[in-house]
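So the structure is just underneath, and the comments pick up after that.
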Amino acid sequence: MKQPQGRRTSSALYTIDGVLIAPVPVDCDDSSLHRLKGNILDTVHGGSCRSVLLDVSGLEWMDLSMYAALVETVRLVGLLGARCVFTGFQPGVVSALIDMDITGDALECVATMEEGLALLRGDRLAREAGDDDQSEALENLDDDAAELPQGSAGVQS
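The opening residue of the sequence shown carries number 0 in numbering that gives the first Met the number 0; numbering runs sequentially from there.
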C-alpha cells in the first residue's frame with residue numbers, strides 16, 4: 000500500500016488529506032503536552048484541518064495529569080469545531096487508566112492510524128458534499144413523508 004504524503008505543519012505535526020496527525024511525544028511531560036496542545040489548537044484555528052488524529056502509540060504509561068491534559072485538548076479542539084480521535088493506546092496504558100477508574104468515555108478511539116484516517120477522511124468528504132447531500136436527504140424525507148398514510152405518525156393510540 001502506498002503511504003499518503005503528508006505536509007509538516009510544525010515540530011511534530013503532519014497534515015494528511017486534511018487530517019492533522021499529532022503524535023504524543025514518548026518522553027512527554029507537562030510542558031511538552033502544553034506545547035503539543037498549543038500547536039494543535041493553532042493549526043486547527045488556522046483552518047488547515049477540521050480533524051485531529053492524536054497518536055498515543057509511543058506511550059508506555061499514562062498518569063492522571065497526562066490523561067487530563069489530553070482530554071482538555073480534545074475539549075478545546077471540539078470548541079473550535081473540529082473532531083479529535085485517538086489511536087494507538089497500548090494495553091498497559093489502557094490497564095493503568097482502568098486502574099485509575101478512568102472509563103475513557105470522553106475519548107473517541109480507534110485501533111490503528113489507518114482506521115483513524117479513514118474515519119476522519121469520511122468526515123471531510125461528508126462536509127465537502129454537505130449541501131448537495133443535505134438537500135437530497137431532505138427531498139427523500141419529503142418523499143417518504145408523502146407516502147405515509149394520513150394520520151400515521153408512528154404513534155399508537
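Glycine included, each C-beta is placed from N, C-alpha and C at the ideal position.
Residue i, DSSP secondary structure in three states
i	result
Asp-122	helix
Ala-117	helix
Met-112	helix
Residue range of the unbroken beta strand (DSSP E) whose run includes residue i
i	result
Asp-54	50 to 54
Val-92	Segment 90 to 98 is the alpha helix (DSSP H) holding Val-92; no beta strand (DSSP E) there.
Thr-14	12 to 15
Ala-21	18 to 22
Thr-86	82 to 86
Nearest residue (CA-CA) to residue i, options the options
i	options	result
Val-25	Gly-103, Asp-100, Gly-87	Gly-87
Val-18	Thr-42, Val-92, Thr-102	Thr-42
Ser-50	Val-84, Ser-31, Gly-91, Ala-105	Val-84
Extent of the continuous alpha helix (DSSP H) run through residue i
i	result
Leu-78	63 to 78
Val-43	29 to 44
Contact belief for residue i with residue j at Cβ below 8 Å, rounded distance in angstroms
i	j	result
Cys-27	Ala-81	No, Cys-27 and Ala-81 are not in contact; Cβ-Cβ is about 21 Å, not under 8 Å.
Leu-116	Leu-52	7 Å
Leu-79	His-44	6 Å
Pro-22	Asp-54	4 Å
Leu-12	Asn-38	6 Å
Item to check | Inter-stretch contact at 8 Å, needing at least 3 Cβ pairs: the stretch 68 to 76 / the stretch 109 to 123 | outcome: no
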